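**Student:**
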Amino acid sequence: MSVFSDIQRPVVVQARTQLADGVVALDLAPTNGRPLPPWTPGSHIDLLLGGGLERQYSLCGDPADRMLYRVAVLLETDGRGGSAAAHALAVGDTLRLRGPRNHFAFDATDRVVLVAGGIGITPMLSMIGAAEAAGADWTLHFAGRSRSTMAFVDELVAEHPSRVRVYAADEGERLAVGGLVDGAAGQVFCCGPRRLIDAVDEAVGSEPGWTAHAERFEAREFGPPLWSDPFEVELALSGTTLTVQPGQSILSAVEDSGAVVVSSCRVGTCGSCETPVLEGTVEHRDSVIGPGGSGTTMMICVSRAAGPSLVLEV
């Protein structure tokens, strides 16, 4: 976890730009004139939008520019209000943010395939910069409903015509994930709707030497928990021991005890509630660490104990 993850910082909207139908870019600058925390490709921040609304957005600017964070926000008409609040921000408005944190870290190996669906293009922008700087052989596959809804599509095609492939549904183009990778080993980074990520995971999983990484907007689906009985959670910093009932999240039990923990989405997609695990076995049921996690940290909003007890650094 980043040392900056839980610190709130005031920022001002320096610029607001319409990027595509339903998508605006917000350029956020520090109000105190001090450099913002460093970040790496794949990082995101939490925007605190007032009224209890918090939303996570990938950073899509230049990591070398410590005086500006840029995010792109898709207006979700059937959402919970966070994107509407972000779209309502005007130049000169102030707000607070947390982060950055990175659960989608980029490694520029010799061969890199980037796959983006819709607003999932945002983390790919800084990855492209890193791949170019490293001299990696990279390709971007960018799918969306139409070019008018696909942020950054024109500039990406103009700057990298031989490396960017666009699939606009209204033009009859469809991304065939089965043909994304072949031959020598490499890595795939995918961000977009769950259906796209699941399809890419399945396709890449059968290719020797290839590894898939994903950032999800939607929660994973899981079956019943491995441990269906109540379990105990010791909060090491306070010495408190809690009992977590079936159907109850560790996060809610911790909050009921009076302990303060950072959280936001409560469905395992944002990574805000990542908590160090000192003892015990974890069943990862989130969309950030996922089932293959090491168990040294966990998302306490959805992940659970895989046995009778856990000790957490809370």
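Using the working numbering, the letters of the sequence shown correspond one by one to residues -13 to 300. Where a beta carbon is used, it is the ideal one built from N, C-alpha and C, also for glycine. Quick caveat, the model's predicted, so the values are computed rather than measured.
Assign ASN88 to buried or exposed, taking buried as 16 or more other Cβ atoms, counted over all protein chains shown, within 10 Å of its Cβ.
**Tutor:** Counted from its first residue, the sequence shown places residue 88 at position 102. Flag for ASN88 reads buried.
**Student:** Three or more C-beta pairs closer than 8 Å, one from the region 61 to 74 and one from the region 19 to 30: is that the case here?
**Tutor:** no
**Student:** I'd like to check one pair, ALA205 with GLY254: are the Cβ atoms closer than 8 Å?
**Tutor:** Translated into positions along the sequence shown, residue 254 becomes position 268. Translated into positions along the sequence shown, residue 205 becomes position 219. Cβ atoms of GLY254 and ALA205: closer than 8 Å.
**Student:** Where does GLY266 fall in DSSP's three states?
**Tutor:** Locating residue 266 in the sequence shown gives position 280, where the first residue counts as 1. Coil at GLY266, not helix or strand.
**Student:** My parser needs the beta strand (DSSP E) runs of 3 or more residues fully inside the region 37 to 95; what are they?
**Tutor:** 39 to 44, 55 to 60 and 80 to 87
**Student:** Does the Cβ of VAL(-11) have 16 or more other Cβ atoms within 10 Å, making it buried, or fewer, making it exposed?
**Tutor:** Along the sequence shown, read from residue 1 onward, the residue named residue -11 stands at position 3. Residue confidence for VAL(-11) is low, a pLDDT of 48 falling below 50, so the modelled location carries little weight and cannot support an answer.
**Student:** Which ranges does the beta strand (DSSP E) cover as unbroken runs of at least 3 residues, wholly within the region 117 to 163, from first to last along the chain?
**Tutor:** 123 to 130 and 150 to 154
**Student:** When the Cα of PHE90 is compared with those of SER273, MET285, GLY293 and CYS287, which residue comes out closest?
**Tutor:** Here residue 90 refers to the residue found at position 104 of the sequence shown. Among SER273, MET285, GLY293 and CYS287, the Cα nearest to that of PHE90 is on SER273.
**Student:** What is the residue span of the alpha helix (DSSP H) that GLY191 lies within?
**Tutor:** Position 205 of the sequence shown, counted from the first residue, corresponds to residue 191. 180 to 191 is the span of the alpha helix (DSSP H), which, as asked, contains GLY191.
**Student:** Terminal residues of the continuous beta strand (DSSP E) containing LEU100?
**Tutor:** Looking up residue 100 in the sequence shown gives position 114. Where LEU100 is concerned, the enclosing beta strand (DSSP E) stretches over 97 to 103.
**Student:** Using only CA atoms, which one of TRP25, PRO(-4), ALA71 and THR226 lies nearest to ALA15?
**Tutor:** For the purposes of this step, residue 15 is taken as residue 29 along the sequence shown, with counting starting at 1. With distances taken between Cα atoms, ALA15 lies closest to PRO(-4).
**Student:** Rounded C-beta distance between ARG290 and ARG271? I'm assuming under 8 Å.
**Tutor:** Here residue 290 refers to the residue found at position 304 of the sequence shown. Here residue 271 refers to the residue found at position 285 of the sequence shown. That belief holds up - the Cβ atoms of ARG290 and ARG271 are roughly 6 Å apart, short of 8 Å.
**Student:** Kindly confirm or deny that the region 92 to 108 and the region 65 to 76 touch, where touching means at least three C-beta pairs closer than 8 Å.
**Tutor:** no
**Student:** Express the C-alpha separation of ASP79 and GLU118 in angstroms, rounding to a whole number.
**Tutor:** Position 132 of the sequence shown holds residue 118. Position 93 of the sequence shown holds residue 79. Each residue's alpha carbon lies about 35 Å from the other.
**Student:** Measuring alpha carbon to alpha carbon, tell me which residue in SER249, GLN231, THR282 and PRO210 is nearest GLY38.
**Tutor:** Taking the first residue of the sequence shown as 1, we reach residue 38 at position 52. It is SER249 whose Cα lies nearest to the Cα of GLY38.
**Student:** For the region 151 to 159 and the region 118 to 134, state whether three or more C-beta atom pairs, one from each stretch, are separated by less than 8 Å.
**Tutor:** yes
**Student:** With a Cβ-Cβ cutoff of 8 Å, do LEU264 and ALA222 count as a contact?
**Tutor:** Sequence index remark: in the sequence shown, residue 264 carries index 278 (1-based). Sequence index remark: in the sequence shown, residue 222 carries index 236 (1-based). Contact flag set, yes.
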